[in-house]
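The opening residue of the sequence shown carries number 25 in this note's numbering; numbering runs sequentially from there. The block underneath contains the structure these notes are about, expressed in structure tokens.
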Amino acid sequence: MIRAFDAVSLPLLRWLDPEDAHRLAIQGLRFLPPIRQRTDDPKLAVRAFGLNFPNPVGMAAGFDKNAEAPDALLKLGFGFVEIGSVTPLPQAGNPRPRLFRLERDEAIINRMGFNNDGAAMVLRRLASRAHLSGIVGVNVGANKDSPDRTADYVKLIETFAPVASYFTINVSSPNTPGLRNLQQSAALDDLLARVIDTRERVRKNAGDSPVLLKIAPDLSLAELDDVVHIARSRRVDGMIVANTTLARPSTLREQARTKEQGGLSGRPLFRLSTRMVAETYVRAEGAFPLIGVGGIDSGGAALTKIRAGASLIQLYSALVYKGLGLVDDIKRDLSSTLLRTGRESLSEIVGADAATITAEDWPVR
Numbered sequence: 025m026i027r028a029f030d031a032v033s034l035p036l037l038r039w040l041d042p043e044d045a046h047r048l049a050i051q052g053l054r055f056l057p058p059i060r061q062r063t064d065d066p067k068l069a070v071r072a073f074g075l076n077f078p079n080p081v082g083m084a085a086g087f088d089k090n091a092e093a094p095d096a097l098l099k100l101g102f103g104f105v106e107i108g109s110v111t112p113l114p115q116a117g118n119p120r121p122r123l124f125r126l127e128r129d130e131a132i133i134n135r136m137g138f139n140n141d142g143a144a145m146v147l148r149r150l151a152s153r154a155h156l157s158g159i160v161g162v163n164v165g166a167n168k169d170s171p172d173r174t175a176d177y178v179k180l181i182e183t184f185a186p187v188a189s190y191f192t193i194n195v196s197s198p199n200t201p202g203l204r205n206l207q208q209s210a211a212l213d214d215l216l217a218r219v220i221d222t223r224e225r226v227r228k229n230a231g232d233s234p235v236l237l238k239i240a241p242d243l244s245l246a247e248l249d250d251v252v253h254i255a256r257s258r259r260v261d262g263m264i265v266a267n268t269t270l271a272r273p274s275t276l277r278e279q280a281r282t283k284e285q286g287g288l289s290g291r292p293l294f295r296l297s298t299r300m301v302a303e304t305y306v307r308a309e310g311a312f313p314l315i316g317v318g319g320i321d322s323g324g325a326a327l328t329k330i331r332a333g334a335s336l337i338q339l340y341s342a343l344v345y346k347g348l349g350l351v352d353d354i355k356r357d358l359s360s361t362l363l364r365t366g367r368e369s370l371s372e373i374v375g376a377d378a379a380t381i382t383a384e385d386w387p388v389r
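Right, dumping it as structure tokens:
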């Protein structure tokens with residue numbers, strides 16, 4: 025059924041304005057007919073952040089910003105779904121147009137600007153599914169005009185702790201002015217200290233809430249040293265590597281689109297984001313697991329990201345070009361790799377190539 029859905033929907037959606045197509049895709053998922061979910065290969069199960077993932081393939085934040093269709097996505101085969109980014113107050117985001125396809129590069133540029141329905145509405149939706157199974161993380165961000173952005177993150181931890189499988193602290197979006205400054209040492213240390221303190225304070229009533237930090241791929245290695253050191257010292261549960269990039273590689277073929285402001289995602293981000301996964305992995309020294317995201321569009325790409333150091337992976341941009349069938353393709357390829365190599369789980373190959381990757385020439389930005 026998924027293959028048939030892709031065959032009909034992909035050509036139609038590509039004719040539409042990208043943001044209109046995205047809206048239609050969300051609506052389509054909300055009204056998807058019942059699907060009998062196939063059981064995943066047990067060898068694909070992953071234990072990370074204190075959670076049991078049925079498979080390592082997740083839907084990245086940015087697709088289902090407002091928690092409108094997490095359960096439909098889980099039924100389509102994702103091992104977990106990350107909703108958001110959510111801000112305390114609703115906000116419209118940046119003016120349209122703000123989402124652009126780079127067709128020949130299989131890439132996307134976006135400058136959405138944390139457009140979302142706000143915490144109150146998203147909380148109602150997540151609370152309505154609280155009786156259901158499945159891992160649904162909440163990606164949290166600060167309002168553009170907030171006088172205290174750190175306080176925004178604290179408020180969101182308090183608000184969503186009872187319904188979030190995990191939290192992602194998003195300080196790496198390039199589309200909210202000044203947000204990436206929260207990756208600087210002093211600001212990040214203060215932010216994580218307050219977030220972790222809040223998580224501990226609400227734990228008694230809300231239960232465990234793993235906290236992950238999502239970083240930009242544009243950090244220098246010296247900046248990455250500081251970020252990982254702070255993440256370890258503040259005992260975050262994991263990191264997501266990486267968000268979209270402000271870089272515009274010279275290899276991009278859709279040159280007219282490269283002038284658009286915003287973050288670049290999709291295939292051109294793969295090498296840079298994978299290098300950052302490996303660099304983060306060797307610095308973390310097993311202190312916490314990583315989620316690898318950026319340019320994953322095949323089973324081979326997923327395997328490369330895992331061997332670079334990712335315990336889990338996330339998709340988004342590739343689905344625009346490959347469709348939802350990509351999820352099953354990746355899982356099938358990962359299962360075949362484990363069978364062929366006689367391994368019992370993906371954990372046996374996480375980070376296997378990290379040292380080699382960090383010794384290579386830096387990817388062209």
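Using N, Cα and C, we set each Cβ at its ideal position, and we do this for glycine too.
I59 is positioned such that its CB atom lies closer than 8 Å to that of K99.
For a cut-off of 8 Å, the C-beta gap from L150 to A96 is around 14 Å, too long to register as a contact. Within its own chain, the residues whose Cβ lies closer than 6 Å to the Cβ of G262, once the five positions on either side in sequence are excluded, are F73, L236, F312 and P313, listed in chain order. Around the beta carbon of Q279, fewer than 16 other beta carbons sit within 10 angstroms, so the residue counts as exposed. The DSSP-derived three-state label of M83 is strand.
The Cβ atoms of L270 and P198 sit closer than 8 Å to each other. The Cβ neighbour count for N267, taken over all protein chains shown within 10 Å, is at least 16; the residue is labelled buried. Remark: C-beta atoms of G82 and E106 approach each other more closely than 8 Å. For the pair of segments examined, the stretch 31 to 51 was found not to touch the stretch 351 to 359: the number of CB pairs separated by less than 8 Å stays below three. In this structure, the straight-line span from the alpha carbon of E284 to that of G231 is close to 43 Å. The beta carbon of V187 sits closer than 6 Å to the beta carbons of L150, A151 and A154 from its chain, once the five residues preceding and following it are set aside; these are given in chain order. Residue ranges of uninterrupted beta strand (DSSP E) with 3 or more members, entirely inside the stretch 284 to 333 and ordered along the chain, are 287 to 290 and 314 to 317.
Counting C-beta atoms within 10 angstroms of its own C-beta, G366 has fewer than 16 neighbours from the protein chains shown and is therefore classed as exposed. Residue pairing by DSSP puts M263 in a beta bridge opposite L237 and L314.
Each residue's CA atom was taken as its position, placing P94 and H46 some 15 Å apart.
Burial state of Q207 is buried, judged by a 10 Å Cβ sphere holding 16 or more other Cβ atoms. Apart from the 5 residues on each side of it in sequence, R27 sits with its Cβ closer than 6 Å to the Cβ of G349 in its chain, given in chain order.
Two segments are said to touch when three or more pairs of C-beta atoms, one from each, lie closer than 8 Å; by this definition the stretch 360 to 378 does not touch the stretch 337 to 347. Contact check for A332 against V301 passes: the beta carbons are separated by less than 8 Å. Here E130 carries a coil assignment [DSSP, helix/strand/coil]. Across the structure, F77 and E224 are spaced so that their CA atoms are roughly 23 Å apart.
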